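Chemist: I am attaching a structure below and will ask some questions about it afterwards.
Residue numbers (our numbering): 22 to 314.
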């Protein structure tokens, strides 16, 4: 965050924000303009909408997130009004607050990253730019359709087999709709056939020996992996457009958050809740959310 505040682009944003705030100060209704009332109706509206959609009350963290989002929307809405973004435009508060967010998007597009900045982002987010696992393997399946306890059948077969010899189990087991052999297949392709838990089991298995049983939605499997290529970093030059999009998205979120937190410092949130309507813990949560910078 400290590094973010040192960047010229952020300074430009904050100077703009301060100009709008100073403009508001010279008005006669400063207190009213910079006071946002959060009352019982607002909280009831939030809770009722959530419960209507999700058929349950929100958790503490979910309620905190909803209140924060509403605060952000209201702040951006008020600033949008001061900037006359609503001129000749009959749209709701959400659309006006989105206009404020679009400003940070525009600022991002004004300053594309340098090659060094993009490289640093790519290296920092390296885990997001890895190739998939690639497997070559044979599969022996013991299905729920043919066995009451397929796990036990698979374990017994493995005990009797010579683990280091492919021929001892190859071609055995139950015939299934998916292949019993995958050659140089990415994990995502195997996942489509046998599911995520099966692929996770493959990642933990050693090569050139029968291992398992590994469970899937079909039953239990013994596998003989002859080749396993683990994920490797994808060269930046081959995915530069993707990394640039991710960089811009991340920067936009950072600047959006910075703008929101800066604006929040200049507003007073007046809490007007009927204590008889709500649980004291909910009121306390609302108070903490509205007053925390």
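All C-beta atoms, glycine included, are put in the ideal place defined by N, C-alpha and C.
Just so it is clear, the structure is predicted and the values come from calculations on it, not from any experiment.
Quick check on residue 152: buried or exposed, where buried means 16 or more other Cβ atoms within 10 Å of its Cβ?
Modeler: exposed
Chemist: Who pairs with residue 236 in a beta bridge, going by DSSP?
Modeler: 241
Chemist: Identify every residue that forms a DSSP beta bridge with residue 246.
Modeler: 158, 228
Chemist: Helix, strand or coil for residue 182 per DSSP?
Modeler: coil
Chemist: Can you name, in chain order, every residue of its own chain whose Cβ lies under 7 Å from the Cβ of residue 260, other than the five neighbours on each side?
Modeler: 150
Chemist: Got a sec, what are the start and stop residues for the alpha helix (DSSP H) residue 280 sits in?
Modeler: 261 to 285
Chemist: Alpha carbons only, please: which of 204, 62, 310 is nearest the one belonging to residue 160?
Modeler: 204
Chemist: Find out if the Cβ-Cβ distance for the pair residue 246, residue 235 is shorter than 7 Å.
Modeler: no
Chemist: Does the beta-carbon distance from residue 158 to residue 244 come in below 7 Å?
Modeler: yes
Chemist: Express the C-alpha separation of residue 215 and residue 238 in angstroms, rounding to a whole number.
Modeler: 7 Å
Chemist: What does the Cβ neighbour count give for residue 7, buried or exposed, with the cut at 16 atoms within 10 Å?
Modeler: For the chain, the structure presents residues 22 to 314; residue 7 sits outside this window and is missing.
Chemist: When the cut-off is 7 Å and only beta carbons count, does residue 197 lie next to chain B?
Modeler: Absence of chain B from the displayed structure is noted, only one protein chain being present.
Chemist: Is the stretch 182 to 202 close to the stretch 268 to 282, with three or more CB pairs under 8 Å?
Modeler: no
Chemist: Please state if the CB of residue 135 and the CB of residue 240 are separated by a distance shorter than 7 Å.
Modeler: If you check the CB distance, residue 240 and residue 135 do not come in under 7 Å.
Chemist: What residues in its chain sit with their C-beta under 6 Å from that of residue 208, if we drop five residues either side in the sequence?
Modeler: Answer for residue 208: 153, 154, 220, listed in chain order.
Chemist: Beta carbon of residue 93, beta carbon of residue 288: below 7 Å?
Modeler: no
Chemist: Relative to the alpha-carbon of residue 195, which residue among 181, 180, 174, 212 has its alpha-carbon at the smallest distance?
Modeler: 174
Chemist: Whose C-beta lies closer than 6 Å to the C-beta of residue 44 among residues of the same chain, with five residues either side of it excluded?
Modeler: Because residue 44 carries a pLDDT of 44, less than 50, the predicted location of this residue cannot be relied on, and the following value inherits that uncertainty. The answer is none, since no qualifying residue turns up.
Chemist: Compute the beta-carbon to beta-carbon distance between residue 143 and residue 264, rounded to the nearest angstrom, for a pair I have assumed lies under 8 Å.
Modeler: 5 Å
Chemist: Which residues bound the alpha helix (DSSP H) around residue 299?
Modeler: From DSSP, residue 299 is part of no alpha helix (DSSP H); its letter is neither H nor E.
Chemist: Three-state secondary structure (DSSP) at residue 83?
Modeler: Of the three classes helix, strand and coil, the one that applies to residue 83 here is helix, per DSSP.
Chemist: How far does the alpha helix (DSSP H) with residue 214 in it reach, from first residue to last?
Modeler: 208 to 215
Chemist: What is the DSSP secondary structure of residue 52, counted as helix, strand or coil?
Modeler: Residue confidence for residue 52 is low, a pLDDT of 47 falling below 50, so the modelled location carries little weight and cannot support an answer.
Chemist: For residue 135, which three-state DSSP category applies?
Modeler: coil
Chemist: In the DSSP assignment, what are the bridge partners of residue 288?
Modeler: DSSP output for residue 288 lists no bridge partner at all.
Chemist: Consult DSSP for residue 151 and reduce its assignment to one of helix, strand or coil.
Modeler: Residue 151: strand per DSSP, three-state reduction.
Chemist: Let me check understanding here. Comparing Cα to Cα, which of 168, 140, 172 lies closest to residue 255?
Modeler: Taking the Cα of residue 255 as reference, the smallest distance to any Cα among 168, 140, 172 is reached at 140.
Chemist: Do residue 60 and residue 293 count as a contact pair if the criterion is CB distance below 7 Å?
Modeler: Cβ atoms of residue 293 and residue 60: closer than 7 Å.
Chemist: Using the three-state DSSP reduction, which class does residue 293 fall into: helix, strand or coil?
Modeler: strand
Chemist: Counting along the chain, where does the alpha helix (DSSP H) carrying residue 187 start and finish?
Modeler: First-last for residue 187: undefined, no H or E at that position.
Chemist: Are residue 156 and residue 206 closer than 7 Å when you measure CB to CB?
Modeler: yes
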